[in-house]
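Below is one structure; the comments refer to it alone.
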Amino acid sequence: MTRPDQLRLLAVHAHPDDESSKGAATMAKYVAEGVRVMVATCTGGERGSVLNPAMDRPEVWERLPQIRAEEMAKARDILGVEQEFLGFVDSGLPEGDPLPPLPEGCFALVPVEEAAAPLVALIRRFRPHVLTTYDERGGYPHPDHIKTHEVSMHAFDAAGDPDRYPELGEPWQPSKLYYHMSFTLPRTKALHEAILATGAESPYTEWLANWDPARDISHRVTTRVPCGEYFAVRDAALIAHATQIDPLGRWFACPIETQQEIWPTEDYELARSLVDTPVPEDDLFAGLRSEVGVR
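Residue numbers (the working numbering): 21 to 315.
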């Protein structure tokens, strides 16, 4: 049941594990505050790789789609969120020059009007006040991430329009939409320098050496959500995706205490808003908290 006075957040992601690497501490914070949080996972991650060497075994590869769903259930419970799969098939990440064609029937090839329908239905059923998704580049250029952006923008506009998708339920218009700004140049530099200051080797050295400053979009950040106390929850959710996350890998090279001191926020760009709210913000629900009870 949906209470009229309960804030609701819908996070739209491409694959299982994306919800734990982008915005997870924010979601855990809001859940602890009584916000109802839903994760929409567009695909099942069927064409993903096994990125944790400890899980790179034949029996894991044989059951990878089922295992990724099981991992998602564990992460969902750790974060305290609700979660639904939208039912599309992972497109994979094409490699080569020239790039090979995408697999027939994959998410990235579904027309936007069709691909947005399950998300429109979920928005109308869950009635979120805020959506989070990826920017126009997908955060990084995975075809499923780019499609997730396109679908999210389409659904944000369509869900509140009674003339669009009339068969999918009573219209509901979310008030705000944000892009994740998880891996900006200033944040990466700050963590890199903090690691070096301890005498340890930074996992970001090569990454920063190859970073084109012209592609940095940190100037677009409008909203920094303080959530450092939930970084441990975020990491536990990440580790639940055992096929995707090596607990000895780069994700965990910077101690939580250092992150909490150097960069204790998760950052976003306010891309769409139907309410007045000055920026910068420190709350995805800025401008909404006094309005929810009367909507």
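Heads up, the beta-carbon is just placed ideally off N, CA and C, and yes, glycines get one too.
Measuring CB to CB, does residue i end up less than 7 Å from residue j?
| i | j | result |
| --- | --- | --- |
| D287 | R244 | yes |
| V20 | V59 | With the chain running from 21 to 315 in the structure shown, residue 20 is simply not present. |
| A135 | P163 | no |
| D37 | H200 | no |
| P123 | P114 | no |
| S202 | V32 | no |
If I measure Cβ to Cβ from residue i and keep anything under 7 Å in the same chain, skipping five residues before and after, which residues do I get?
| i | result |
| --- | --- |
| P233 | L205 |
| V80 | V70, I87 and T263 |
| P73 | D266 |
| T297 | A306 and G307 |
| Y154 | H165, T168, H169, Y199 and H200 |
I need the straight-line Cα distance from residue i to residue j, nearest angstrom please.
| i | j | result |
| --- | --- | --- |
| S41 | T168 | 16 Å |
| R315 | P194 | Reliability of the predicted coordinates at R315 is poor, the pLDDT of 41 falling under 50, and the value obtained from them is presented with this limitation in mind. Those two C-alpha atoms are separated by around 11 Å. |
| I143 | H149 | 9 Å |
| V295 | R83 | 46 Å |
| A89 | I259 | 14 Å |
| T152 | R292 | 10 Å |
| Y321 | L188 | No statement about residue 321 is possible, as the shown extent of the chain runs from 21 to 315 and does not include it. |
| D303 | R77 | 43 Å |
| D183 | L139 | 16 Å |
| D117 | P186 | 43 Å |
| G43 | T61 | 14 Å |
| T218 | F105 | 42 Å |
| A210 | A52 | 28 Å |
| S310 | G269 | 43 Å |
| A220 | R235 | 28 Å |
| W192 | A137 | 14 Å |
| E301 | V130 | 35 Å |
For residue i, which option in the options has the closest C-alpha, if you only look at C-alpha atoms?
| i | options | result |
| --- | --- | --- |
| E190 | P298, A141 and S238 | A141 |
| H239 | L290, P267 and D296 | L290 |
| H174 | H162, R28, L197 and P163 | L197 |
| E277 | G269, L258, R292 and C247 | C247 |
| G180 | F146, H165, L211 and Q280 | F146 |
| A48 | R67, H33 and R96 | R96 |
| Q280 | E104, E249 and E91 | E249 |
| F251 | D177, W192, Q103 and I98 | I98 |
| M92 | R235, E39 and Y154 | E39 |
| Q103 | L29, H165 and E170 | L29 |
| W231 | D177, Y160 and G219 | Y160 |
Where does residue i land, buried or exposed, given buried means 16+ other C-beta within 10 angstroms?
| i | result |
| --- | --- |
| Q86 | exposed |
| G112 | buried |
| E156 | exposed |
| V299 | exposed |
| G107 | exposed |
| E133 | exposed |
| T242 | buried |
Within the same chain, show all residues whose beta-carbon is closer than 8 Å to that of residue i, passing over the 5 residues directly before and after it, in chain order.
| i | result |
| --- | --- |
| Q26 | G54, V55, R56 and V312 |
| G125 | V109 |
| R207 | S238, W283 and D287 |
| H212 | S222, Y224, T225 and L228 |
| W271 | S41, D255, L258 and I265 |
Under the criterion of a Cβ to heavy atom distance below 6 Å, does residue i qualify as lining the ligand GTP?
| i | result |
| --- | --- |
| G116 | Inclusion of the ligand GTP in the displayed structure is not the case, the ligand content being empty and no account of it being possible. |
Only counting the same chain, and skipping five residues up and downstream in sequence, which positions put a Cβ closer than 6 Å to that of residue i?
| i | result |
| --- | --- |
| I215 | S222 and C274 |
| H35 | T63 and G65 |
| T46 | V245, C247 and E286 |
| R67 | D110 and G112 |
| A75 | It is Met, not Ala, that sits at residue 75 in the sequence shown. Cβ neighbours of M75 beyond the five flanking positions: A262 and T263. |
| K94 | A260 |
| D177 | none |
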